[in-house]
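The opening position of the sequence shown corresponds to residue 150 in the numbering used here, with each subsequent residue numbered one higher. Just so you know, even glycine gets a beta-carbon here, dropped at the ideal spot from N, CA and C. Everything below concerns the one structure shown next.
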Amino acid sequence: MSTWALICNPTAGRYRADVPAALGRLLAERGIGLTRHETAHAGHARELAAGLRGVERIVVYGGDGTLNEAANGLAPDGPPLAFLPGGTANVMACELGLPRDPLRAARALLDAEPVAVRPGVLDGRRFLLMAGIGFDAAAVHGVSPALKRRLGKAAYVLSALRALAAPQPALTLACPDEEPPGAAPAGAKLHWIVAARARHYAGQYVIHPGAGLLAERLGVVAVTRGWLLPFLALRLGLRLPVHAGGMRLGLARRLRITAAAPVHVQVDGDYHGQGRAFEIALAEHPLRLCLPRPRS
């Protein structure tokens, strides 16, 4: 009998205690065993994924950050990863077209196919969705965990409003061997940069229509001026022209970013730290991610 492993984060924003047992029953009907592993601290999903051996698949039940940790713990020849949405934003569920209900998502993943996906890498850390430098990372950094548990996405909006009032260090973007995004000239001073491996951002909002888990280049979002407009458009789900409000879109295999002062960084919606120089590229080695079949 084959065995799957479940890494679950019981502190995730929309975690349901009945889901692990329900998943076990679904798998048992197909003759598949399930081992359960709960995270106990930040970074634990990475440790758990690195230590799992002899399992056919690893299912991550939690938020996008829990999935990111597990992806960073996998060896290049590790088992495929599957995702059950249990977090606050669940951007990966939007990207994969998974139902938001974890039990419906579990049924969709039973027949999902493992596909080789090259994550993005920021200074050695993999990301499956996005890396943000500047404004959005400052907002992530300012979120109170207690307020996040109580208010969900609204906690990010409150923190974002505070970040809007704070000055952000000027950023400079270089895309070696490629044109810079949109009409932003090389060396232009930017206020916010997102390297996108996925189309979706902050839930169901599309930040870059040309990005994607299977795309051969990273989506690049560079904001030069008037950055309040594109941010509000994302929050309201509005569609803007590519160059609206100083937002420039592009595609690149490699990015180099420098900041005039230490700047905040977020990876897949979790705070990563501060720095002044960053290199972002596609990972050399892919990992396998379970993609559900398109809905009929």
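Our two residues, Arg-267 and Ala-231, have alpha carbons roughly 15 Å apart in a direct line.
Here DSSP, grouped into helix, strand and coil, assigns Thr-215 to helix. Linking Arg-437 to Leu-245 through their CA atoms gives a straight-line distance of about 14 Å.
Here Arg-179 is exposed, its C-beta having fewer than 16 other C-beta atoms within 10 Å. If only complete runs of 4 or more residues are kept, the stretch 185-264 shows the alpha helix (DSSP H) at 193-200, 213-222, 240-245 and 251-258, in order along the chain. In the DSSP secondary-structure assignment, Tyr-420 is bridged to Gln-415. Around the beta carbon of Asp-167, fewer than 16 other beta carbons lie within 10 angstroms, which makes this residue exposed. In terms of Cα proximity to Arg-346, the closest of Gln-353, Gly-359 and Gly-424 is Gly-359. Within a 10 Å sphere around the beta-carbon of Leu-322 sit 16 or more other beta-carbons, which makes this residue buried. For Ala-255, the closest alpha carbon among the candidates Gly-273, Val-240, Val-270 and Gly-235 is that of Gly-235. In the displayed model, Leu-362 falls within coil according to three-state DSSP, outside both helix and strand.
About 7 Å separates the Cβ atoms of Leu-400 and Leu-367, confirming a contact at the 8 Å cut-off. The Cβ atoms of Leu-183 and Leu-216 do not sit closer than 8 Å to each other. For His-290, the CB contacts under 6 Å within the same chain, skipping 5 residues up- and downstream, are His-413 and Tyr-420 in chain order. For Ala-154, the secondary structure class from DSSP, reduced to helix, strand or coil, is strand.
Taking 8 Å as the upper bound for CB-CB distance, Ile-356 and Leu-320 are not in contact here, some 17 Å apart. Arg-249 and Lys-338 have their C-alpha atoms roughly 38 Å apart. Annotation for Gly-173: no beta strand (DSSP E) segment contains it, though the alpha helix (DSSP H) segment containing it runs 168-177. In the DSSP assignment, the residues bridged to Tyr-354 are Tyr-350. By the Cβ rule, the stretch 272-283 does not count as touching the stretch 191-211, because fewer than three pairs are nearer than 8 Å. Assigned with DSSP and collapsed to three states, Gly-182 falls in strand. The beta carbon of Arg-405 sits closer than 6 Å to the beta carbons of Ala-323 and Glu-428 from its chain, once the five residues preceding and following it are set aside; these are given in chain order. When the five nearest sequence neighbours on each side are left out, the beta carbons in the same chain lying within less than 8 Å of the beta carbon of Pro-159 are those of Ala-166, Glu-187 and Thr-188, in order along the chain.
Under the three-state reduction of DSSP, Arg-311 is assigned to helix. About 18 Å separates the beta carbons of Val-372 and His-349, which is beyond the 8 Å limit, so they are not a contact pair. At least 8 Å separates the beta-carbon of Leu-175 from that of Val-208.
Secondary structure of Val-270 (DSSP, three-state): strand. In the structure shown, Arg-299 adopts helical secondary structure according to DSSP, grouped into three states.
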